[in-house]
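Per the working numbering, the very first residue in the sequence shown carries number 240; after that it's consecutive.
Below is one structure, written out as structure tokens; comments come after it.
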Amino acid sequence: MNNRVKPITRAWLPAAIMLALASNVAAQDASAPAATKAKDLSTVIVTGTRASDRTESSSLTPIDVVSAKVLQQTGTSDVPTALARIIPSLSFPRPSAADTADTQRPAQLRGLSPDQVLVLVDGKRWHPGALLLTNGVLGRGSQAVDLNTIPMGAIDHIEVLRDGASAQYGSDAIAGVINIILKKGAKGGDVEISGGQYSAGDGRQWQGSANFGIPLSDDKGWLRFTLQSGKEDYTNRAGPDTRAGFPQLGVNFREGDPEVKDQNLLINTQYDITPNVQFYAFGHFGHREGTSPAFFRYGNNSPSPSSPLIAGIYPNGYLPLENSDSTDRSLVAGFRGTVNGWRWDVSGNYGGNRVSYKTFNSINLAYLNDFGSSPTSFHDGLLKAAQHSFDIDIAKDVTVGWLPNSVTVAFGAEYLHQSYAIDAGDLPSYYTSTGNPIPGTTTIPAGGAQGFAGWQPVNAGSLARHDVAEYLDLETNLTDRLGVSAAVRHENYSDFGSTTSGSLAGRFDFTDTFALRASASTGFRAPSLAQQFYSSTSSLYYGAGNSLGLTPGIYNSSLLPVSSPVARLLGAEPLKPEKSHNYTVGAVWSPTDALTLSIDAYQIAIDDRIVLSGSIATTGASVRDYLAANGITNLDYRGVSYFTNAADTRTRGIDLVASFRNDLGNAGTLQTTISANYNKNEVTKVRPNPAILDSLGSSFQRLDRRDIKGLLADSTPRSKLILNEQYNVGNWNVTGTVTRYGRYTAYSSTGTTIYGSTGTPAVDQTFSPKWLLDLAVNYNLQRWTFTVGADDALDAYPDRVIAASSNNGTLPYSVYAPFGYNGAYVYGKVAYRW
240 MNNRVKPITR AWLPAAIMLA LASNVAAQDA SAPAATKAKD LSTVIVTGTR ASDRTESSSL
300 TPIDVVSAKV LQQTGTSDVP TALARIIPSL SFPRPSAADT ADTQRPAQLR GLSPDQVLVL
360 VDGKRWHPGA LLLTNGVLGR GSQAVDLNTI PMGAIDHIEV LRDGASAQYG SDAIAGVINI
420 ILKKGAKGGD VEISGGQYSA GDGRQWQGSA NFGIPLSDDK GWLRFTLQSG KEDYTNRAGP
480 DTRAGFPQLG VNFREGDPEV KDQNLLINTQ YDITPNVQFY AFGHFGHREG TSPAFFRYGN
540 NSPSPSSPLI AGIYPNGYLP LENSDSTDRS LVAGFRGTVN GWRWDVSGNY GGNRVSYKTF
600 NSINLAYLND FGSSPTSFHD GLLKAAQHSF DIDIAKDVTV GWLPNSVTVA FGAEYLHQSY
660 AIDAGDLPSY YTSTGNPIPG TTTIPAGGAQ GFAGWQPVNA GSLARHDVAE YLDLETNLTD
720 RLGVSAAVRH ENYSDFGSTT SGSLAGRFDF TDTFALRASA STGFRAPSLA QQFYSSTSSL
780 YYGAGNSLGL TPGIYNSSLL PVSSPVARLL GAEPLKPEKS HNYTVGAVWS PTDALTLSID
840 AYQIAIDDRI VLSGSIATTG ASVRDYLAAN GITNLDYRGV SYFTNAADTR TRGIDLVASF
900 RNDLGNAGTL QTTISANYNK NEVTKVRPNP AILDSLGSSF QRLDRRDIKG LLADSTPRSK
960 LILNEQYNVG NWNVTGTVTR YGRYTAYSST GTTIYGSTGT PAVDQTFSPK WLLDLAVNYN
1020 LQRWTFTVGA DDALDAYPDR VIAASSNNGT LPYSVYAPFG YNGAYVYGKV AYRW
């Protein structure tokens, strides 16, 4: 491990040189370039630029600005779902029965991993959640930011940068940046209540929110509050078991959205200490409790009961339920101001997420068999993630005599500290059998709480690291029509060493209405602490022909950290950062004041993608002898997996956005927006197996077919089209959105050889494109707004999965469905604004 921290001065040197140059020229405010003046009504942006006057329409890189009004018009009450209905390159899948991943769902940009998009709030890095996705869902292996921690009522607008930005912001910005800008000031506020349910009769929801501000002494500052509370009932689209003798038992499984209760409080404040110095801060506290289902276990009334042990506890079978109790805290505070034209900002940032897991309506069969009784409710343990940062940002628009426009010179430094911890659960939650078979049988019962086994003491512990970063950013208009920018950022992490990222971008305005823009950058994503440290041991049933070569039965399998002695002996290596090369080229055309079009093509090549490996059998004689020769003689598991830098990938795509405003006079206005994305991900290289495993004759595959062709490629739709119409007349507003999701494919993990992995094409399934219609009608009466709407108004569902993938008909829909499988949702809202 590299613990060296190189001096910050290396990156500050070029900044000092720029300051020296600046001192030799006259300091004055920069005048906006002509291209910017022509569009001075456009929204000023703060993402991807440190210039003070760059607008959305003059941006050097593709960026979407989504207002609070547009977010509210989507009908949904959560932020990532709203963004997915507005921005075609952003997706928000809705996994079910995925070990509580459905209560902290991840968002994806351009089909890449959820942890490859950076989330900022008012330009400050937001913390990731504690959950690590380890099941076979989109985003598998990622520790992502939970966008639902930000209450929608607190948002003024959101800027989504669709370009690599590691040189500006550091790790995680490979796919782009989502910057959430909060409402500010003491004036104005709103109170809103909404409710609805799905046409199938379930999933009832309600939410109340309030946002308001108050002035501070002598109008030198303000304090703004946002409160939000809501509840969602679960939905269920499961079917009956189709096997002979089972249908009469009815629907016992559950497939759909979880039951969720959540509360959020966000406070934002600002105070003018002097005319040139401000204090600012914002803090958040959130609590979410979600309950998700596991697989149903059959009782004595079925042809195939799970175990004779449950007869006296659950004679009719049972559905284990997994509860996650998540607490989220954050606080950002700082000072900013100006001195001699220099804009400075010094801030501290804390964020943390704590998730407590509980399994109830369940049983530990091994505990019951060995001790004669078992709890039915289990505390499974805790996951905790936190980060602290200290940032210094300085910028100035400097006039240089030999340039026609000023140069924005920006530089700064960041200290980042991150930590991750696992606390073990109670003994009954993870207890595994000592080898005693069920009386009268030769079967050894499964250990751990059924549904979700707790973390063992061997899994518990904590890990921390720090990073020191420095950056330099330059931006100017070389002529009134040619804008350029360049940035470089150096980082030094205590766990894997240093890395440097750079970017170049340019835009040429041929006329006041047409421009070409392009960018090239390198980027990186540091392996998350969860990917380096997370471990768990679970007891699973392995059937005939299993990947570990075991006879059918119950066996323990373990996910080990790469630092584990066993993992290292079996080929695990310290994780390296993912590295990327991003290229974008596009055009912006505004032939009239009412019509704006943009198109951007991009390529993102990523080396050393971090993924979960396949499982390595530890039962073969050669493996056992090899481990024993290295002092490992007492394993309590039969299979091992770990994280590895396994693959290189390439992403290519096109974004299209067109907006037209038609003024109909007394008949109102009609705003039309068409946006589309085509995105193709593919694995270009898979690392060979570790040499030690080949020498031991292991059948281990570093990356299986489901990952290569599916999770890293085609299990997200390649295309998405959104057509939105906004019609306003008098006090009425009507919103209609049509969304087309393209085809996607679910792949099996075993069978035909591809890159040395196997899969069975017979159970692959490609799902057909689907069209969704969302409708809403708003009536404004003075300060009141009344809304009725329907999401998925035509009650569209994704294709049902083929029989081989449906778990005997009980789970009829794919976990990869991009818009879920709940059907039409009808809702109403009442809002009062001032």
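C-beta atoms are modelled at their ideal positions from N, C-alpha and C, and glycine is treated no differently.
If you're wondering where the values come from, they're calculated on a predicted model, not measured in any experiment.
- Around residue 400, the same chain offers 286, 287, 302, 415 and 416 as residues with beta carbons nearer than 6 angstroms, after the five sequence neighbours per side are excluded.
- Put simply, the backbone Cα of residue 680 is about 27 angstroms away from that of residue 1047.
- Residue 920 is positioned such that its CB atom lies closer than 8 angstroms to that of residue 952.
- Under the DSSP assignment, residue 1066 falls in the beta strand (DSSP E) whose first and last residues are 1064 to 1072.
- Assigned with DSSP and collapsed to three states, residue 863 falls in helix.
- Taking residue 738 as the centre and dropping the five residues before and after it, the same chain places the C-beta of 730, 763 and 816 closer than 7 angstroms to its C-beta, in chain order.
- The DSSP-derived three-state label of residue 509 is strand.
- By the Cβ criterion, the segment 638 to 651 is in contact with the segment 707 to 717, since at least three pairs of Cβ atoms, one from each stretch, lie closer than 8 angstroms.
- Between the alpha carbons of residue 964 and residue 313 lies a gap of roughly 12 angstroms.
- Residue 616 is positioned such that its CB atom lies closer than 8 angstroms to that of residue 597.
- Listed in chain order, the alpha helix (DSSP H) elements of length 4 or more contained wholly in the segment 573 to 599 amount to none.
- The residue among 1071, 381, 346 and 404 with its C-alpha nearest the C-alpha of residue 724 is 404.
- Secondary structure note for residue 933: its alpha helix (DSSP H) is the uninterrupted segment 930 to 934.
- Residues 842 and 919 of the same chain have their beta carbon placed closer than 6 angstroms to that of residue 891, with the five preceding and five following residues left out of the count.
- If you check the CB distance, residue 986 and residue 949 come in under 8 angstroms.
- Counting along the chain, the unbroken beta strand (DSSP E) around residue 739 starts and ends at 736 to 748.
- Your pair residue 806 and residue 799 checks out as a contact, with CB atoms roughly 4 angstroms apart and the cut at 8 angstroms.
- Taking the Cα positions, residue 834 is about 7 angstroms away from residue 897.
- In the DSSP assignment, residue 672 is bridged to no other residue.
- Distance between residue 332 and residue 378, taken at the CA atoms: about 10 angstroms.
- Within the model, the alpha-carbon separation for residue 754 versus residue 1015 is close to 36 angstroms.
- Inclusion of residue 1029 and residue 973 in the CB contact set at 8 angstroms is not warranted, their separation being larger than that value.
- Per DSSP, the beta bridge partners of residue 909 are 901 and 966.
- Our two residues, residue 1056 and residue 958, have alpha carbons roughly 14 angstroms apart in a direct line.
- A distance below 6 angstroms between beta-carbons, with the five flanking residues on each side excluded, links residue 432 to the following residues of its chain, in chain order: 447 and 1069.
- Counting C-beta pairs with one atom in each stretch, the segment 560 to 580 and the segment 596 to 611 have three or more that are closer than 8 angstroms, which means they touch.
- By the CB criterion at 8 angstroms, residue 624 and residue 572 fall outside the cutoff.
- Judged by DSSP secondary structure, residue 824 falls outside any alpha helix (DSSP H) and instead within the beta strand (DSSP E) spanning 817 to 831.
- Under the three-state reduction of DSSP, residue 1058 is assigned to coil, being neither helix nor strand.
- The beta carbons of residue 645 and residue 1063 sit no closer together than 8 angstroms.
- With fewer than 16 other beta carbons inside 10 angstroms of its own, residue 482 counts as exposed.
- With a threshold of 16 other beta carbon atoms within 10 Å, residue 435 meets it and is buried.
- Inter-residue distance for residue 914 and residue 304 is about 13 angstroms (C-alpha atoms, whole angstroms).
- The DSSP-derived three-state label of residue 458 is helix.
- With respect to residue 290, residue 760 sits apart: the two C-beta atoms are not nearer than 8 angstroms.
- Positions of the alpha helix (DSSP H) runs, each at least 4 residues long and wholly inside the segment 594 to 636, are given as 604 to 610 in order along the chain.
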